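Contents: one structure, followed by commentary.
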Amino acid sequence: MNHLSLIIKREYLNKVRNKSFIIMTFLSPIIMVAIITLVSYLSQLNNDTVNTIEVLDESGVFTNHFKDSEKLKFKMINGVSLKDTKFAAESSNNYGLLYIPKTKNIDDYSNVITFYSEDSPSMSVMNIIEKTIEDKVNRLKLKEAGIDANLIEELKVNVNTNLETYAGEKTSKLGSGIKLAFGGIAGYLLFMFIIIYGNMIMRSVIEEKTSRIIEVLISSVKPIKLLLGKIFGTSLAGITQFAVWIVIMVLLSTLASSMFGIDTSATQSQQQELLLQNSDTGSQQLITDVFREINNLPLTNLVIMFLFFFTGGYLLYSSLYAAIGAAVDSETDTQQFMIPILMPLILGIYVGFFTVIENPHGTVSQVFSYIPFTSPVVMLMRIPFGVPLWQQILSLVILFATFIATVWFAAKIYRVGILMYGKKASYKEIIKWLKY
Numbered sequence: 012m013n014h015l016s017l018i019i020k021r022e023y024l025n026k027v028r029n030k031s032f033i034i035m036t037f038l039s040p041i042i043m044v045a046i047i048t049l050v051s052y053l054s055q056l057n058n059d060t061v062n063t064i065e066v067l068d069e070s071g072v073f074t075n076h077f078k079d080s081e082k083l084k085f086k087m088i089n090g091v092s093l094k095d096t097k098f099a100a101e102s103s104n105n106y107g108l109l110y111i112p113k114t115k116n117i118d119d120y121s122n123v124i125t126f127y128s129e130d131s132p133s134m135s136v137m138n139i140i141e142k143t144i145e146d147k148v149n150r151l152k153l154k155e156a157g158i159d160a161n162l163i164e165e166l167k168v169n170v171n172t173n174l175e176t177y178a179g180e181k182t183s184k185l186g187s188g189i190k191l192a193f194g195g196i197a198g199y200l201l202f203m204f205i206i207i208y209g210n211m212i213m214r215s216v217i218e219e220k221t222s223r224i225i226e227v228l229i230s231s232v233k234p235i236k237l238l239l240g241k242i243f244g245t246s247l248a249g250i251t252q253f254a255v256w257i258v259i260m261v262l263l264s265t266l267a268s269s270m271f272g273i274d275t276s277a278t279q280s281q282q283q284e285l286l287l288q289n290s291d292t293g294s295q296q297l298i299t300d301v302f303r304e305i306n307n308l309p310l311t312n313l314v315i316m317f318l319f320f321f322t323g324g325y326l327l328y329s330s331l332y333a334a335i336g337a338a339v340d341s342e343t344d345t346q347q348f349m350i351p352i353l354m355p356l357i358l359g360i361y362v363g364f365f366t367v368i369e370n371p372h373g374t375v376s377q378v379f380s381y382i383p384f385t386s387p388v389v390m391l392m393r394i395p396f397g398v399p400l401w402q403q404i405l406s407l408v409i410l411f412a413t414f415i416a417t418v419w420f421a422a423k424i425y426r427v428g429i430l431m432y433g434k435k436a437s438y439k440e441i442i443k444w445l446k447y
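Basically the numbering used here = 1-based index in the sequence shown + 11.
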């Protein structure tokens with residue numbers, strides 16, 4: 012064990028003292044915060060813009076029917092020809108021109124209205140315009156048929172089904188999406204961590220193999236200890252880098268907000284705000300449902316299991332990355348081995364998003380939550396829906412048992428592969444190494 016601790020320390024110090032590692036540790040959060048700040052600033056500028064739309068209504072039906080909002084203004088034009096109005100609108104800085112001709116029948120409004128602009132208008136603005144016109148035209152149609160539109164509105168009944176478990180716990184239609192989001196974020200973090208730091212382990216093995224340093228190390232240390240030392244040392248370096256990123260990003264975000272008066276969380280686009288302002292949904296009820304669903308989540312269970320599954324999943328895949336590094340001589344030779352390793356993880360993400368949300372306790376969801384190569388993603392997506400503790404523990408036991416078995420197999424590949432220089436390894440060759 013003394014050798015293992017020394018190897019872990021050596022790997023950790025080699026990583027954190029590396030110039031590129033130090034540069035990226037401090038440069039990455041600066042770039043990320045700069046991008047977020049820039050997007051927030053541009054979004055803020057965009058939100059301060061008030062778009063003006065000129066309306067030439069020759070029918071006179073829609074006079075005073077278009078309502079101004081904080082970001083969108085309507086300017087009615089009267090007594091001017093379409094040609095002159097188009098010329099004036101094109102030379103101005105207005106958003107566009109809405110032309111409504113006079114028609115004989117109300118039904119004709121469905122295809123005679125034209126919107127002129129310099130560029131293609133946003134979908135949200137067109138939705139607002141079309142909704143406004145449709146509302147007026149539908150009322151005219153009802154009036155033409157002798158039906159009171161206001162009476163119809165009063166007679167409408169909006170059905171909102173209350174959701175509640177047999178145990179009396181209230182839920183909402185948003186619940187499934189919120190629960191799935193937690194698992195999706197966990198799966199994404201695991202995927203990124205494996206890609207970034209798994210590759211780091213693989214490159215480290217390849218570098219030592221090509222430099223022949225490994226031949227000296229292997230004479231005094233068992234291959235399995237050397238393999239575990241690389242995995243644990245690189246993992247600790249990755250955790251250190253992530254911790255520094257979080258601290259720097261929080262400090263820089265706070266500094267950027269105070270210096271430039273930018274709210275980095277305010278990245279909603281103008282179109283999204285316009286849709287929100289013109290929607291008929293109960294935003295207050297939406298917020299209430301979101302907070303209720305978050306409070307109903309088994310947060311303690313999620314956090315604890317996230318740490319265990321994240322650790323187990325990363326260790327499992329990082330051991331495979333180390334085995335690949337031992338089997339090849341350069342990074343260009345790793346491609347044939349990378350896809351079979353990443354496919355189960357990608358499959359787990361797809362199964363989670365397309366199966367768990369529909370039936371979190373179905374056969375497919377349960378099977379993939381026990382398969383160790385997919386369980387770190389699928390099980391984390393299932394837990395918010397209520398998974399018995401024994402199933403979670405069983406999945407963890409299988410995951411860490413597979414990690415131990417994988418490390419043993421990887422160590423056998425590592426033991427032979429690190430000394431095989433100048434020969435490209437194939438799957439057939441690696442199977443032979445396992446028999447040595």
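Glycine is no exception: its CB is placed at the ideal position from the N, C-alpha and C atoms.
This one's a predicted model, so the numbers in the text were calculated from it and none came from an experiment.
Residue i, DSSP secondary structure in three states
{"i": "Asn138", "result": "helix"}
{"i": "Ile88", "result": "strand"}
{"i": "Gly107", "result": "strand"}
{"i": "Ile18", "result": "helix"}
{"i": "Ile33", "result": "helix"}
{"i": "Gln279", "result": "Caution is warranted here: a pLDDT of 42 is assigned to Gln279, below 50, making its placement in the model unreliable, and the coordinate value is therefore given only provisionally. Reduced to three states, the DSSP call for Gln279 is coil."}
Start and end residues, beta strand (DSSP E) containing residue i
{"i": "Tyr65", "result": "It is worth fixing the name first, because residue 65 is Glu in this sequence and not Tyr. Start and end: Asn62 to Asp68."}
{"i": "Thr125", "result": "Thr125 to Tyr127"}
Integer Cβ distance of residue i from residue j, believed to fall under 8 Å
{"i": "Leu239", "j": "Val27", "result": "Wrong, their Cβ atoms sit about 19 Å apart, outside the cutoff."}
{"i": "Met213", "j": "Thr63", "result": "At roughly 57 Å, the Cβ-Cβ gap does not stay under 8 Å, so Met213 and Thr63 are not in contact."}
{"i": "Met316", "j": "Leu191", "result": "Going by Cβ atoms, the distance from Met316 to Leu191 rounds to 16 Å, so no, they are not a contact pair."}
{"i": "Pro309", "j": "Tyr425", "result": "That belief does not hold up - the Cβ atoms of Pro309 and Tyr425 are roughly 39 Å apart, past 8 Å."}
{"i": "Ser246", "j": "Tyr199", "result": "Rounded, the Cβ-Cβ distance is 18 Å, inconsistent with contact."}
{"i": "Ser380", "j": "Thr366", "result": "The pair is not a contact, with the Cβ atoms about 10 Å apart (cut-off 8 Å)."}
{"i": "Val44", "j": "Leu263", "result": "4 Å"}
{"i": "Ile205", "j": "Tyr23", "result": "Not confirmed; about 19 Å, so no contact."}
{"i": "Leu67", "j": "Thr114", "result": "Not really, about 14 Å apart at Cβ, beyond 8 Å."}
{"i": "Gly336", "j": "Val170", "result": "No, Gly336 and Val170 are not in contact; Cβ-Cβ is about 59 Å, not under 8 Å."}
{"i": "Phe193", "j": "Leu327", "result": "At roughly 21 Å, the Cβ-Cβ gap does not stay under 8 Å, so Phe193 and Leu327 are not in contact."}
{"i": "Phe253", "j": "Lys147", "result": "Wrong, their Cβ atoms sit about 55 Å apart, outside the cutoff."}
{"i": "Ile139", "j": "Leu83", "result": "7 Å"}
{"i": "Asn210", "j": "Tyr127", "result": "Contact flag wrong, Cβ pair sits at about 53 Å."}
Residue span of the alpha helix (DSSP H) that contains residue i, given as start and end
{"i": "Ser386", "result": "Ser386 to Arg393"}
{"i": "Gly359", "result": "Gln346 to Val362"}
{"i": "Phe317", "result": "Leu310 to Ala338"}
{"i": "Asn161", "result": "Ala160 to Leu166"}
{"i": "Phe379", "result": "Thr374 to Phe379"}
{"i": "Lys94", "result": "Leu93 to Ser102"}
CB contact check: residue i to chain E, cutoff 8 Å
{"i": "Asn312", "result": "The structure shown contains no chain E; it holds only a single protein chain."}
Near the ligand SAH: residue i beta-carbon under 7 Å from a heavy atom
{"i": "Ser102", "result": "What this structure holds is no ligand at all, so the ligand SAH is not there to describe."}
### Query
If we count Cβ pairs, one from each stretch, closer than 8 Å, do we get three or more for the region 75-87 versus the region 135-146?
Touching, per the Cβ criterion.
### Task
Decide if the region 84-95 is in contact with the region 154-162; the criterion is three or more beta carbon pairs, one per stretch, under 8 Å apart.
Counting Cβ pairs under 8 Å, fewer than three are found: no touch.
### Message
Quick check: the region 101-115 against the region 28-43, are at least 3 beta-carbon pairs closer than 8 Å?
### Response
no
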